[in-house]
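Just add 1 to the spot in the sequence shown (first one is 1) and you have the working numbering.
Virtual Cβ for every residue (Gly too), placed ideally from N, Cα, C.
Only a predicted model underlies this, so the values are computations on that prediction, with no experimental measurement involved.
All remarks here apply to the structure that follows.
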Amino acid sequence: MTDRTSAFAAALRVAISERGMTLARLQALLNDDGNPVSMATLSYWRSGARQPEGAQSLSVVEGIEDRLALDRGHLTSLLGPSARLGTVAPPKLPFDEERVQREAEETLVALRSAPQDSLRDLSTQYVAHVGRDGAVERVVTRALVQSTKGTITEIPLIDATPVESDVMSVFSDVIGGRVDREYLHPGRLLSGVVIALDEPITTGGTTLIEFTETYPPGHPPRQSVWHATSRAARETLIWVRFHPDAVPSWCEEFLETEEEYASTARAVRSGSVHLARHGFGPGMLGIRWGYDR
2 MTDRTSAFAA ALRVAISERG MTLARLQALL NDDGNPVSMA TLSYWRSGAR QPEGAQSLSV
62 VEGIEDRLAL DRGHLTSLLG PSARLGTVAP PKLPFDEERV QREAEETLVA LRSAPQDSLR
122 DLSTQYVAHV GRDGAVERVV TRALVQSTKG TITEIPLIDA TPVESDVMSV FSDVIGGRVD
182 REYLHPGRLL SGVVIALDEP ITTGGTTLIE FTETYPPGHP PRQSVWHATS RAARETLIWV
242 RFHPDAVPSW CEEFLETEEE YASTARAVRS GSVHLARHGF GPGMLGIRWG YDR
């Protein structure tokens, strides 16, 4: 997150809070004014995950200033020059869905991954450790999966970075399998690995794997942890543990499906925050945070 993006997001959060405005109410008012904008976009602007880009977004920001009774320029002056000129910034989450879908499929092909339509996600647990700089240092994942048909010998994993990068995350301490293949997509946004299972599973069988994903120097910093699933998962648990010197100024949980987007502010108590869901999916579920510095 750039200084300007952080400043814009902080000013937007303060303005919304001081006026007791909900994002849903603000979105409805903007739509009434002829400034249509999605809840997801407003939430990303407020969190600092991305900043307004282009003439249409700038019009929405000016509409926000009007609806929140702010002086013109209060928010727009905090945007980087790219937004005012209408150019496109480097990719940030959330990515263009068409590009991600295409590159994910290309990554699976490059990995020579076996089809996963018979793999059921029974339980996925993430424990993310956030360093002194406020970014994720490593994530320990434990996953219980089941075969619904046939034999499964391997599991592919796709990862997306916050911005394009040549540096991939590092998988280590794998239990229940081993990293067999890795691939960085030429677009430098997605990468993937294939974990070969120690013991194949057949119809009705389950296996439990655990691994650590570490983000080395040069990897784009992350201030979010999320789980994306293409089918309903029996259990999803995300636990984020912050360094004592990096307790965030704000934190929120979010979920995205084809029909719904929602975000909820979360308090960080005892240096951590967790999120648990049963039967969630398909969609994306996660926690993100930031710092007003």
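Practice task
Name, in chain order, the residues that DSSP records as bridge partners for Arg270.
Solution key: Looking up residue 270 in the sequence shown gives position 269. Beta-bridge annotation (DSSP): Arg270 is paired with Ser273.
Problem - Residue burial classification, Ser48 (beta-carbon count within 10 angstroms, cutoff 16) - result: Position 47 of the sequence shown, counting from 1, holds the residue named residue 48. Buried is the call here.
Handout entry: Residue span of the beta strand (DSSP E) that contains Leu120, given as start and end
Key = The residue labelled residue 120 in the question sits at position 119 within the sequence shown. Here the beta strand (DSSP E) through Leu120 covers Leu120 to Val131.
Exercise for the section: Under the assumption that His220 contacts Val168 (Cβ atoms under 8 Å), give the Cβ distance between them as a whole number of angstroms. Expected result: Position 219 of the sequence shown holds residue 220. Position 167 of the sequence shown holds residue 168. His220 to Val168, Cβ: 4 Å. Contact.
Problem - the segment 191 to 204 touching the segment 252 to 264, judged by at least three CB pairs closer than 8 Å - result: Output reads no: the segment 252 to 264 does not touch the segment 191 to 204.
Practice task
Could you check which residue in Ile153, Pro217, Ala111 and Leu238 has the C-alpha nearest to that of Trp227?
Solution key: Residue numbering aside, residue 227 sits at position 226 when the sequence shown is read from its first letter. Residue Leu238 is the option with its Cα nearest to Trp227.
Handout entry: Integer-rounded CB distance, given that Ala41 should sit under 8 Å from Glu257
Key = For the purposes of this step, residue 257 is taken as residue 256 along the sequence shown, with counting starting at 1. For the purposes of this step, residue 41 is taken as residue 40 along the sequence shown, with counting starting at 1. Right, the Cβ-Cβ distance comes to about 7 Å (below 8 Å), so this counts as a contact.
Practice task
Identify which residue in Val175, Leu59 and Ala16 has its Cα closest to the Cα of Asn36.
Solution key: Reading the sequence shown from its first residue, position 35 is the one you call residue 36. Comparing C-alpha distances from Asn36 to each of Val175, Leu59 and Ala16 shows the shortest one belongs to Leu59.
Handout entry: Tyr216 beta carbon less than 8 Å from that of Ser173
Key = Against the sequence shown, residue 173 aligns to sequence position 172. Against the sequence shown, residue 216 aligns to sequence position 215. Note that the C-beta distance between Ser173 and Tyr216 is not below 8 Å.
Handout entry: Cβ pair Ile156, Leu191 closer than 8 Å
Key = Along the sequence shown, read from residue 1 onward, the residue named residue 156 stands at position 155. Along the sequence shown, read from residue 1 onward, the residue named residue 191 stands at position 190. The beta carbons of Ile156 and Leu191 sit no closer together than 8 Å.
Practice task
Out of Asp122, Glu66, Glu107 and Arg113, point me to the one whose CA is closest to Glu236's CA.
Solution key: As a position in the sequence shown, residue 236 is number 235, starting the count at 1. Of the candidates Asp122, Glu66, Glu107 and Arg113, the one whose C-alpha sits nearest the C-alpha of Glu236 is Asp122.
Practice task
Starting from the C-beta of Arg85, find all residues in its chain whose C-beta is less than 8 Å away, skip the five residues before and the five after it, and write them out in chain order.
Solution key: On the sequence shown, position 84 is the one that residue 85 refers to. In this predicted model, Arg85 has a pLDDT of only 38, less than 50, meaning its place in the structure is not dependable; the value taken from the coordinates is given anyway. Excluding sequence neighbours, Arg85 sits near Leu59 and Thr77.
Exercise for the section: Check each candidate in Gln52, Ser250 and Leu71 and name the one with the smallest Cα separation from Ile17. Expected result: Here residue 17 refers to the residue found at position 16 of the sequence shown. Checked all of Gln52, Ser250 and Leu71; the closest Cα to Ile17 is Leu71.
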